[in-house]
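This report refers to the structure that appears directly beneath it.
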Amino acid sequence: MRSASSKSLSTKIMFSIAIISLLIVIVISVVSEKVTKEAFYSVEIEKAKIIAKTIEPLIALDIYLDLNGKIKQIATNLIQNPNILAVTVLKNNKVIDEIKSAEYENKIEDSFKIKNIIFEPNTTKKIGTLILTYSSKNYKELRDKYAKLSIALLLFFVLLFLVFGLYVKRLLSPLRKIASSLINYYPDKKISIPKVIQNNEIGLISNALNKMQDNILQYSKKQQNINQYLEEKVDEKTLELRTQLYTNSLTGVPNRLSLLKDISGLENGALFIINIDDFREINDFYGQEIGDKILIDFSQRLKSMFDGDNNIKLNHLSGDEFALLFMEKPSLKEFTKIAEKLVNDIEKIIFLHENNEIAIRVTVGGAYLMQGAIEKADIALKSAKNSRKSFLIYDENLNIEKKYKNNMQWVKKLKQAIKDERIIPYYQPIFDNKSGKLASCECLIRLIDENDEVVPPFYFLDIAKKSRLYSTLTKIMLRKSCQYFENIDCDFSVNMSVEDMLDAEVVNYVKYMIRKFDVSKKIVFEILESEGIENYKEVSSFISDMKALGCRIAIDDFGSGYSSFEYLLQLDVDYIKIDGTLIKDIDSDRNSQVVTQTIVDFAKKLNMLTIAEYVHNDKVFTKVKEFNVDRTQGFHLAEPQKDISSYLDI
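Going by the numbering used here, the sequence shown opens with residue 3, and the numbers climb by one from there.
Okay, structure coming up:
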């Protein structure tokens, strides 16, 4: 492991400076040595050249005049210079004179030669050569002195850097102490940071660290207090949310989630689901505020009925639905008695509002076995409502679940058929009894299953109403029927329920389709007689809107039991479709004949056309014509079909 000192800033600074400085000195020394060596050497060569150049004219004259003695004298004088080791004179490449100094043999290795060509005076004719052997001893002495000086300078710089490094290390030693103290620092713990007296950067750092430590410690304490407060709030909110999660916000009674939690793992329990009948009407009539008060009061009344019985838990499942969970199931006989008593006791409850007494009724569904208890109790509840019973306990033998699942399957089939565009209209021709020609067609809904089989409406229409798909089917029938008859010269009728007429979206869609395909003069809307009488105001408003567009109206199933000629007058209809229960036995039943004749006579006086439905044989068809019914519809003449092209020329 590396020592702490090797990692310290001062050591690194000192080491870095030493290395850099050493490199600088070495580079300078190497460069200087090379430069000075060349300079010293050049000086010695230049000196030798100057000497040779100086004596060259003299020797040239002596050679020209053949004064060899003079040449020898000049050479002898030259070697008196300690740096000249030998003088050699050549004439025609032959040595005519050569004089060497006494040190020649000792210094010949450290020497260099200067060779000058000798020319005849005042000409460029070569007459000889002068060779000086020059000693480099002086150059070596100068170089050695310079080397010693460089070493001395290097040692000086090393010493200087060492002193500087020690100074830096001493200067930064307070930082090392501060760093050692900070190693053990934690935000919630105060440590002792060495105080630096010097008024420099290190002193400022020391003071700043002490102040920062105080601030951090203070902030840490505040943060701890905040965290503690937040934890308390989180615990408080968690408890509140858990309470809200398992409690109905209106009544304060445990909700569906609480029931699911209690029911999981419960094997020997039983369950009631209680639904307040027609509670929506209470909300609509008295207002939601009063409805909420009734729900709160009702939940308190239910609690009081089983007050002190720890075996029964009350849950508020949704707006008008409650549950009673038996943690230990009673006998089936006792379970049934409790349901009867519960229904009777609730019917005796009177809720007061502004001196008005409000009574409620409930329907109860029970599950005596815990496996799938909520689903089974809910199925029993729905079955009880459908059969108009006050309570029903789920029983496998009643096939309630089978019917319920069958309905769910049909809902699924319906949705898929809608998605796949497998809801289509079939058209049943209606013929004029006088001419025998096609007068109009009734558009009847059909579902094409995945095997291309045609499914009649009695399999799925009621389920469509319960599953809120009915208005979608109405729109599909209207769109496809209008599109089909857009370019066909034939009237057609479409059935409208009171739910459709009360649905603003459907009514607007009807108007849009009529305008889009321009069928206002062809389309007839069929309204059930019973719905027209029971919902006179709503139906009357729809009829007025359609009449304004140029459409016509037919009353369907007229004479089925609700017949009221007074309302018929007020509804301003164009056609009366006589109910099939009257037509099917008109050939043999006297009462059917009397009622039919009355309807026909009444219609003719009001300029309304009559249509006989369900004409199934020739005898009935003959009677219909005898009673002057205007038009006929039935399997005897034509069944519903996808295309009526073959009837258009009849």
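From the three backbone atoms N, C-alpha and C, an ideal C-beta is built for every residue, glycine too.
Own chain partners of residue i with C-beta closer than 8 Å, once the 5 adjacent residues on each side are dropped
i: I1; result: No answer is possible for residue 1: the residues shown for the chain start at 3 and end at 652.
i: Q643; result: Y428, Y429 and Q430
i: K55; result: N118
i: A709; result: Residue 709 cannot be examined here, being either before or after the span of the chain that is shown, 3 to 652.
i: A379; result: L273, F274, I275, A325, G367, G368, A369 and Y396
i: K74; result: D99 and I101
i: K518; result: C484
i: K405; result: S385
i: R4; result: Here the model assigns R4 a pLDDT of 49, short of 50, so the residue's position is not dependable and the matter cannot be decided.
Within 8 Å, strictly: CB atoms of residue i and residue j
i: I278; j: V364; result: yes
i: I352; j: V413; result: no
i: V89; j: I81; result: yes
i: S152; j: T135; result: no
i: N250; j: H355; result: no
i: M372; j: L268; result: yes
i: K468; j: V508; result: no
i: I65; j: I26; result: no
i: K335; j: L327; result: no
i: Y2; j: K331; result: With the chain covering only 3 through 652, there is no way to say anything about residue 2.
i: I101; j: N70; result: no
i: L259; j: L247; result: yes
i: Y511; j: L480; result: yes
i: L650; j: C492; result: yes
i: H618; j: F637; result: yes
i: I298; j: T245; result: no
i: C445; j: V496; result: yes
i: I585; j: Y538; result: no
i: L255; j: S320; result: Residue identity differs from the one stated: residue 255 is Val in this sequence, not Leu. No.
i: T598; j: F623; result: no
i: M329; j: G271; result: yes
Residue i - partner residues in DSSP beta bridges
i: S320; result: E323
i: Y577; result: A556 and L611
i: C445; result: Y429
i: I525; result: F494
i: K315; result: L327
i: D99; result: V91
i: F274; result: L326 and G368
i: N118; result: L132
i: S113; result: S137
i: P256; result: T249
i: V456; result: I450
i: L353; result: This sequence places Phe at residue 353; Leu is not what is there. Note: F353 sits in a beta bridge opposite I360.
i: F393; result: V366
i: T634; result: F433 and A614
Same chain, Cβ closer than 7 Å to residue i, neighbours up to 5 away in sequence not counted
i: F560; result: E531, I578, K579, I580, D581 and I601
i: N94; result: none
i: R424; result: L449 and I450
i: N85; result: Y136, S137 and N140
i: R303; result: I351
i: A50; result: I116, L134 and Y136
Whole-Å CB distance - residue i paired with residue j, under 8 Å assumed
i: K109; j: K139; result: 6 Å
i: I588; j: V526; result: The Cβ separation is near 24 Å, so there is no contact.
i: A375; j: L394; result: Not quite, the Cβ-Cβ distance comes to about 14 Å (not below 8 Å), so this is no contact.
i: M498; j: I529; result: 6 Å
i: L132; j: I61; result: 6 Å
i: I420; j: T338; result: About 42 Å separates the two Cβ atoms, so there is no contact after all.
i: I57; j: I76; result: 6 Å
Contacting residues, own chain, Cβ-Cβ under 6 Å from residue i (five flanking each side not counted)
i: L87; result: S103, Y106, K109, S113, T135 and S137
i: G552; result: S522 and K523
i: A640; result: P431
i: I362; result: I278
i: R390; result: none
i: S292; result: First, the amino acid is wrong: residue 292 is Ile here, not Ser. Correct list, in chain order: H355.
Short CB-CB distance (under 8 Å) between residue i and chain C
i: L60; result: The structure shown contains no chain C, having only a single protein chain.
### Task
For the segment 280–294 and the segment 340–347, state whether three or more C-beta atom pairs, one from each stretch, are separated by less than 8 Å.
no
Taking 8 Å as the cut-off, does the segment 452–464 touch the segment 481–490 (at least 3 CB pairs, one atom from each stretch)?
no
Using 8 Å as the Cβ pair cut-off and three pairs as the minimum, do the segment 145–164 and the segment 115–131 touch? no
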